[in-house]
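Under our numbering, the first residue of the sequence shown carries the number 68, and numbering increases by one thereafter. Glycine included, C-beta positions come from ideal geometry on N, C-alpha and C. Keep in mind that this is a model prediction, so the values were computed, not measured.
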Amino acid sequence: MSHEILVVEDEPTLSRLLTYNLKQEGYQVQAVDHGGEGLQLALRHSFDLIILDIMLPGMNGFEVLSQLRRQSCTTPVIILTARNAEEEVVQGLRHGADDYITKPFGVAELLARVAAVLRRVHPDDGLNAEENDEKVIQVGDLQIYPEKYEVHLHGEAIPLRPKEFEVLLYLVQRPGVVITRDDLMNVVWGFDYIGGQRTVDVHVSSLRKKLEMNQESVQIDSIRGVGYKLIGTVKK
Ligand code: CA
């Protein structure tokens, strides 16, 4: 049974991005853009997790959170805070948030936090535990362990930087599909990350080198002026 997540975020682009990627991961998602609406929904329906923005129209995230806790709602909450806002984090945790993530963030990082919080709350979720232990993606001579952020080539662990790993994982999950640089930027670095697309290129070329991707069995193709595509047969 898939977990149900409530997203309370008023920025439409970010809300769509979160909803899309959480659904891709197999979660059921409901999204609202108003604090009060989020509160009502969270009290009426029992979600497994709430992703809660702080700066919201009407009722802000702190008020939503403290109302929830006051009304004995124990659903875990991850708050989305503005950059350089240490005070928001402290306040959020004091109001009963379980974790926080600072904007801008990559979807990959958010998904990892979501999975970690859900694991913490449902430690005896047998199905999940089994999935986590066993999860390995095989492509060509590579074995990829999503939970451990590890890649093995010919049975040996290859040290990758976290962002390199996240780029690889995203491509491997969509073999044969052209992924634009913009998509990779959004997912790995965050939708309002300020940095050139050159960052993506640097990470891809480093991946090719480290993983010896000149082999027939797995390659990352460059699609000129667009982005990248993973070529290879993926076994899960
Ligand atoms: Ca907001």
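Residue i versus residue j - alpha carbon distance
{"i": "Ile204", "j": "Thr247", "result": "22 Å"}
{"i": "Ser139", "j": "Val254", "result": "34 Å"}
{"i": "Val188", "j": "Gly292", "result": "44 Å"}
{"i": "Asn199", "j": "Thr169", "result": "For Asn199, the predicted model reports a pLDDT of 47, less than 50, meaning its position is unreliable; a value from the coordinates is still stated below. Approximately 26 Å between the Cα atoms of the pair."}
{"i": "Leu85", "j": "Ser284", "result": "32 Å"}
{"i": "Leu119", "j": "His221", "result": "42 Å"}
{"i": "Ala152", "j": "Leu123", "result": "15 Å"}
{"i": "Tyr94", "j": "Ala224", "result": "30 Å"}
{"i": "His70", "j": "Gln91", "result": "13 Å"}
{"i": "Val271", "j": "Leu185", "result": "31 Å"}
{"i": "Gly294", "j": "Ala183", "result": "30 Å"}
{"i": "Lys314", "j": "Lys215", "result": "Past the edges of the chain, shown from 68 to 303, lies residue 314, and the structure says nothing about it."}
{"i": "Met280", "j": "Glu155", "result": "44 Å"}
{"i": "Asp115", "j": "Thr142", "result": "6 Å"}
{"i": "Leu274", "j": "Arg111", "result": "47 Å"}
{"i": "Asn127", "j": "Val144", "result": "14 Å"}
{"i": "Glu231", "j": "Asp249", "result": "16 Å"}
{"i": "Arg83", "j": "Arg180", "result": "18 Å"}
{"i": "Ala109", "j": "Arg137", "result": "13 Å"}
{"i": "Val245", "j": "Leu89", "result": "20 Å"}
{"i": "Pro226", "j": "Arg241", "result": "23 Å"}
{"i": "Lys36", "j": "Tyr237", "result": "Examination of residue 36 is not possible in this model, given that the chain is present from 68 through 303 alone."}
{"i": "Lys276", "j": "Arg228", "result": "13 Å"}
{"i": "Val157", "j": "Gly263", "result": "32 Å"}
Identity of the residue in the options nearest residue i by Cα
{"i": "Asp208", "options": "Ser113, Phe114, Gly159 and Gln286", "result": "Gln286"}
{"i": "Tyr87", "options": "Leu178, Leu160 and Tyr216", "result": "Leu178"}
{"i": "Leu135", "options": "Ser113, Asn151, Glu154 and Thr148", "result": "Ser113"}
{"i": "Leu73", "options": "Glu92, Leu84 and Ala98", "result": "Ala98"}
{"i": "Gly159", "options": "Lys276, Ile121 and Glu279", "result": "Ile121"}
{"i": "Ala175", "options": "Val244, Arg265, Leu106 and Leu235", "result": "Leu235"}
{"i": "Leu297", "options": "Val206, Lys276 and Pro226", "result": "Val206"}
{"i": "Leu147", "options": "Phe172, Val96 and Met280", "result": "Phe172"}
{"i": "Gly125", "options": "Leu116, Leu106, Arg111 and Met280", "result": "Leu106"}
{"i": "Val239", "options": "Ile211, Leu116, Pro229 and Ser82", "result": "Ile211"}
{"i": "Val267", "options": "Leu89, Val181, Ser289 and Ser82", "result": "Ser289"}
{"i": "Gly299", "options": "Gly243, Arg228 and Ile117", "result": "Gly243"}
{"i": "Arg150", "options": "Gly257, Arg265, Leu108 and Arg111", "result": "Gly257"}
{"i": "Val218", "options": "Leu278, Asn127, Val144 and Leu108", "result": "Leu278"}
{"i": "Ile117", "options": "Asn127, Val96 and Arg137", "result": "Val96"}
{"i": "Pro213", "options": "Gln264, Glu233 and Arg228", "result": "Glu233"}
{"i": "Met252", "options": "Arg265, Arg241 and Val245", "result": "Arg265"}
Contact test: residue i Cβ vs ligand 2 heavy atom, cutoff 7 Å
{"i": "Glu104", "result": "This structure lacks ligand 2; the ligands present are ligand 1."}
Minimum Cβ-Cβ distance from residue i to chain D less than 8 Å
{"i": "Pro171", "result": "Among the protein chains of the structure shown there is no chain D, as only one such chain exists."}
### Task
Please write down, chain order preserved, every residue whose beta carbon lies under 6 Å from a heavy atom of ligand 1.
Residues flagged by the Cβ proximity filter: Asp77, Glu78, Asp120, Met122 and Leu123.
### Message
Taking contact to mean 3 or more Cβ pairs, one atom from each stretch, closer than 8 Å, check whether the region 71-81 and the region 151-165 are in contact.
### Response
The region 71-81 is not in contact with the region 151-165.
### Query
Are the region 126-134 and the region 101-110 touching, with three or more C-beta to C-beta distances below 8 Å?
Cβ pair count under 8 Å is three or more, so yes.
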